[in-house]
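Written below as structure tokens is the structure these notes are about.
Laid out in structure tokens, this is it:
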């Protein structure tokens with residue numbers, strides 16, 4: 007047998023013209039065999055499609071997961087990483103895909119196939135992938151989301167539970183361009199008091215631009231019921247919020263006699279009328295009463311400083327809280343500074359602590375009003391009891407808490423998660 011094969015190969019290697027034809031056919035057959043073998047090997051090496059509830063059996067292996075894209079956030083920690091975190095639901099469970107150097111994403115609710123390494127670390131598990139080929143889908147996998155009115159959902163929200171829908175309405179508050187995770191409400195009227203219906207929204211991933219309160223927008227997301235909050239919520243993606251540029255936005259005029267209400271306009275574009283004074287590069291707008299309002303001028307304002315100084319003027323800008331001076335400021339130049347915070351309360355200590363903790367210690371005698379939640383239950387009839395305030399009703403990653411001492415006995419319990427103002 008060996009001698010016959012040896013002789014056959016020897017004939018193929020000769021220059022005899024009689025063997026040229028058969029030799030070419032044999033070489034062609036061998037090449038086809040090699041290609042088929044390589045294709046078979048590639049199919050064998052292709053990652054297996056695995057259910058989410060079976061991923062624990064594939065640690066440190068490359069797998070495929072087929073499911074629905076229900077959420078994603080780009081650069082989740084605002085650190086400048088070229089990274090995207092997506093949540094995939096295949097019906098047996100959900101898994102997080104940490105996708106580095108990502109490509110284009112389909113709309114929420116699309117059925118996708120993702121490929122990645124199964125990573126397990128300190129009890130947490132996720133898929134990790136690199137490059138454009140980590141997520142695939144077809145045009146037929148993109149859902150046909152119906153455009154509904156908020157009143158349609160309000161009548162029978164159970165009919166749309168877990169479905170991808172589109173809603174058109176008005177934003178309840180301004181959304182900053184760099185907030186990776188936020189919340190807002192979508193109403194059927196620009197003014198809160200005139201709204202007949204509102205629905206809460208969870209906004210994943212930064213919008214990349216300011217969305218003003220009162221803007222008319224169209225959003226697409228998955229409707230779900232939040233058992234903790236006992237309410238319906240729409241999970242949407244910030245970059246996919248469509249703003250109606252033709253709809254006018256009402257700009258509020260701040261009242262100097264009611265500065266305590268300015269916190270409701272924090273982060274919004276507002277109008278303020280007063281007398282402008284410029285001294286040693288410090289711009290201030292003074293009104294009929296209350297504290298002066300610092301002004302962060304635009305380049306156009308700086309060029310006209312001489313003519314503006316001392317004039318009665320109406321200025322428009324974004325109302326922000328300056329933690330460095332513990333005062334409100336009118337930002338006209340869209341300046342980026344860690345000292346500028348769009349707080350939810352005029353003296354919201356928790357927000358200031360999150361933004362710049364060191365500023366708080368520069369004013370140890372400052373009195374603050376805190377709107378927060380109890381971290382633990384506190385029994386009554388106990389004096390000088392220590393407790394903790396938090397910025398959320400339940401545990402969330404990265405929540406802020408502060409230790410407090412509550413003097414004097416109380417008549418009732420303070421429950422964990424209870425909203426308090428102190």
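Numbering (the working numbering), first residue to last: 7 to 428.
For glycine and all other residues, C-beta sits at the position ideal for the given N, C-alpha and C.
Nearest-angstrom Cα distance between residue 397 and residue 407? 7 angstroms
Between which two residues does the alpha helix (DSSP H) harbouring residue 159 extend? 156-161
Note the first and the last residue of the continuous beta strand (DSSP E) segment covering residue 302. 299-302
State the start and end residues of the unbroken alpha helix (DSSP H) segment that holds residue 313. 311-314
Given a cut-off of 9 angstroms, decide if residue 316 and residue 338 are closer than it, judged by their beta-carbon atoms. no
Compare the beta carbon distance of residue 173 and residue 161 with 9 angstroms and say whether it is the shorter of the two. no
What are the start and end residues of each continuous alpha helix (DSSP H) run of 4 or more residues lying completely inside the stretch 161-207, in chain order? none
Determine the burial state of residue 349: buried for a count of at least 16 other Cβ atoms within 10 Å of its Cβ, exposed for fewer. Reliability fails at residue 349, whose pLDDT of 42 lies under 50, so the model's placement of it is uncertain and no value is given.
Would you report the Cα separation of residue 245 and residue 88, rounded to the nearest angstrom? 16 angstroms
Residues bridged to residue 249 [DSSP beta-bridge criterion]: 223
For residue 72, does the three-state DSSP call read helix, strand or coil? strand
Would residue 39 be called buried (16 or more neighbouring beta carbons within 10 Å of its own) or exposed? exposed
Within a Cβ cutoff of 7 angstroms, which residues of the same chain sit near residue 293, ignoring the five residues on either side of it in sequence? 262, 280
For residue 189, I'd like the list of residues in its chain whose CB is within less than 8 angstroms of its CB, leaving aside the five on either flank, ordered along the chain. 206, 207, 208, 209
What residues match up with residue 308 in a beta bridge as DSSP calls it? Looking at the DSSP assignment, residue 308 forms no beta bridge with any residue, so it has no partner.
Ignore the nearest five residues each way along the sequence and tell me which others in residue 335's own chain have a CB closer than 8 angstroms to its CB. 299, 300, 301, 302, 325, 326, 327, 328, 346
Alpha carbon of residue 179 to alpha carbon of residue 93, nearest angstrom: 26 angstroms
Touching by the beta-carbon criterion (3+ pairs, under 8 angstroms), the stretch 93-111 and the stretch 124-135: yes
In angstroms with no decimal places, state the Cα-to-Cα distance between residue 129 and residue 225. 35 angstroms
Ranges of the beta strand (DSSP E) found wholly within the stretch 97-162, counting only runs of at least 3: 100-106, 117-127, 130-136
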